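Okay, so the sequence shown: first residue is 1 according to this note's numbering, each after it adds one.
Even for Gly, the Cβ is constructed at its ideal location relative to N, Cα and C.
Keep in mind that this is a model prediction, so the values were computed, not measured.
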Amino acid sequence: MSGDAPPWLELQNAMLAEPSNASLRRVLMDALLEVNHPRAKLWLEGGVGTAELLGPLVDVVEPGFTFVEGWLHTARLKAGASRLAGHPLWATVEVLDAAGDSTVSSHPVMKSLRTVSRSSAAVTQLPPQLEHLLEHRVSRADVIALSSVNTLPRLTGLHVVIAADEVASLLPRVAALTSLRVDLVDATPESHPHVVERVYRTGVERMAFGSFQGRLLLEVWRRGASYDWHATRDLHAATAEVRQRVDDAHRFLMWQLRALGVST
Numbered sequence: 001m002s003g004d005a006p007p008w009l010e011l012q013n014a015m016l017a018e019p020s021n022a023s024l025r026r027v028l029m030d031a032l033l034e035v036n037h038p039r040a041k042l043w044l045e046g047g048v049g050t051a052e053l054l055g056p057l058v059d060v061v062e063p064g065f066t067f068v069e070g071w072l073h074t075a076r077l078k079a080g081a082s083r084l085a086g087h088p089l090w091a092t093v094e095v096l097d098a099a100g101d102s103t104v105s106s107h108p109v110m111k112s113l114r115t116v117s118r119s120s121a122a123v124t125q126l127p128p129q130l131e132h133l134l135e136h137r138v139s140r141a142d143v144i145a146l147s148s149v150n151t152l153p154r155l156t157g158l159h160v161v162i163a164a165d166e167v168a169s170l171l172p173r174v175a176a177l178t179s180l181r182v183d184l185v186d187a188t189p190e191s192h193p194h195v196v197e198r199v200y201r202t203g204v205e206r207m208a209f210g211s212f213q214g215r216l217l218l219e220v221w222r223r224g225a226s227y228d229w230h231a232t233r234d235l236h237a238a239t240a241e242v243r244q245r246v247d248d249a250h251r252f253l254m255w256q257l258r259a260l261g262v263s264t
């Protein structure tokens, strides 16, 4: 360690290399308290944290970030964030909106990451401890990988943007999930009715089906021995033709739910 470096810096580097080590975190925070470091003040008093504590990450993280126990916990990336992929301060982030980036979310430094949305990384490149993979546009290779519980073995929540014909390949994985959402990129509920039926029959606790680029969303969840549901239609700025297609699809979904034994 350089003679000009503060004495707590070595402890910080050690903690960031092993962010799950609670004992090491406490020792570091004690050292930061001794020098009245802003991070220690945030830990003691709470609050949302300041950009100052982001360090170099301030240039690549959107406003709305959150800290937990003095360390960055939740972040949404700005464009160009890849240039800081692998920075040690990412090590404590548990929730990341990758905003289309692939390099930050897939870097080995992301030891705490539990939830990632909108990453463009291949699923096999993502941290193995991931629990929720959201808004992920999957390739054929991703679908094949996700069909095995050996890929992201701790995954319990999955939201994919997917071709309708690929959904069946994911079904072997559904038993290990508590929630699954599929957004169809090339189909409507009427053109591929098997999607809802096959996912429903897996018995997954929570399921959702999106179409028309999110304009129509059906959510279904288990409540005891039965299921509840909620359908949302977003017709803002939609053309008359799109409105009609969404309304027709909504009616079809209501019919399909009744056919599956769900009260509408």
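Cβ atoms of residue j and residue i: under 9 Å apart, would you say?
i    : j    : result
H192 : V160 : no
L184 : R173 : no
R206 : R222 : yes
M29  : N21  : no
A79  : M110 : no
V200 : V182 : Note on identity: in this sequence residue 200 is Tyr, with Val being the wrong assignment. In this structure, V182 does not lie closer than 9 Å to Y200 by Cβ.
L113 : L96  : yes
Residue i: which of the options sits nearest, CA to CA?
i    : options              : result
E69  : T232, G100, L33      : L33
S148 : A176, A122, L126     : A176
T264 : H87, E18, Q244, A231 : A231
V7   : L24, V196, A31, L217 : For the record, residue 7 in the displayed sequence is Pro; it is not Val. Measuring from the Cα of P7, the nearest candidate turns out to be A31.
G49  : A238, P63, L126      : P63
L89  : F67, F252, S102      : F67
H194 : A17, L158, D165      : D165
Do you know offhand how far residue i's Cα is from residue j's?
i    : j    : result
T178 : L171 : 13 Å
R26  : R39  : 13 Å
H250 : H236 : 16 Å
I144 : D228 : 31 Å
A75  : L260 : 40 Å
W255 : T202 : 19 Å
L130 : S106 : 11 Å
Suppose the cutoff is 8 Å on Cβ atoms and the five residues either side in sequence are ignored; what does the same chain contact list for residue i look like?
i    : result
A163 : L184, V185, D186, A187
P128 : L152, P153, R154
V123 : L133, H136, V138, D142, A145, L146, T151, L152
Assign residue i to one of three DSSP states: helix, strand, or coil.
i    : result
W221 : strand
T92  : helix
F212 : coil
Here's a check: name, in chain order, each residue in its chain whose Cβ is nearer than 7 Å to the Cβ of residue i, leaving out the five neighbours to either side.
i   : result
L12 : In the sequence as displayed, the identity of residue 12 is Gln instead of Leu. The residues are L28.
Here's a check: name, in chain order, each residue in its chain whose Cβ is nearer than 6 Å to the Cβ of residue i, leaving out the five neighbours to either side.
i    : result
L72  : T92, V93
F252 : P189, E190
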